[in-house]
Amino acid sequence: MRPAFIFDSGSLGQLATGDRRIEILLDRIRSLKGRAVVPSVVLAECCGDHRHDARYHRALNALGGVDDCVVPIDRRLALRAGGILRSSRMTETIDGIVVAVLGLNNIQGFR
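According to the working numbering, the sequence shown holds residues 9 to 119 in order.
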């Protein structure tokens, strides 16, 4: 199984702005034969401002492109995230979703 690394809006934003630390991390992920993925809700949080969208699209391309790195959030994953939120007392929905994605064992290409 390939190791999965989940990028939240902070790490995607760092990649979008060319933060060298996240580029080094991405190189390390690749050296481990891993893959970085982004929950689809992170796109909603990051994108939508035409002044910055091009940077986010470049960041997504660096992760393999939207079709390859974005994990869709379906009903099952949303319910799992809700349970995580309630049991951990998290307050940010997106954080619960990121944690729920960590628990996926069926991310395309990760079997």
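Note that beta-carbon positions come from the ideal geometry of N, C-alpha and C, so glycine has one too.
Where residue i sits in the DSSP three-state scheme
i: Arg-119; result: Reliability of the predicted coordinates at Arg-119 is poor, the pLDDT of 39 falling under 50, and the value obtained from them is presented with this limitation in mind. In this structure, Arg-119 counts as coil in the three-state DSSP scheme.
i: Ser-48; result: helix
i: Arg-29; result: helix
i: Arg-94; result: helix
i: Leu-68; result: helix
i: Leu-20; result: helix
i: Ile-81; result: coil
Beta strand (DSSP E) segment containing residue i, residue limits
i: Ile-14; result: 12–14
Run of the alpha helix (DSSP H) containing residue i, from where it starts to where it stops
i: His-58; result: Counting along the chain, His-58 falls outside any alpha helix (DSSP H), and DSSP gives it neither H nor E.
i: Gly-104; result: 101–110
Residue from the options whose Cα sits closest to the Cα of residue i
i: Ala-67; options: Gly-18, Ala-12 and Pro-11; result: Gly-18
i: Ile-102; options: Leu-112, Gly-90 and Gly-111; result: Gly-90
i: Asp-16; options: Asp-27, Gly-56 and Ser-48; result: Ser-48
i: Val-50; options: Val-106, Leu-110 and Gly-111; result: Val-106
C-beta contact flag for residue i and residue j at 7 Å
i: Arg-84; j: Ala-108; result: no
i: Gly-42; j: Arg-10; result: yes
i: Ile-14; j: Val-45; result: yes
>> Any contact between the stretch 69–83 and the stretch 91–100? By contact I mean 3 or more CB pairs, one from each, below 8 Å.
In response: Contact fails: fewer than three Cβ-Cβ distances are below 8 Å.
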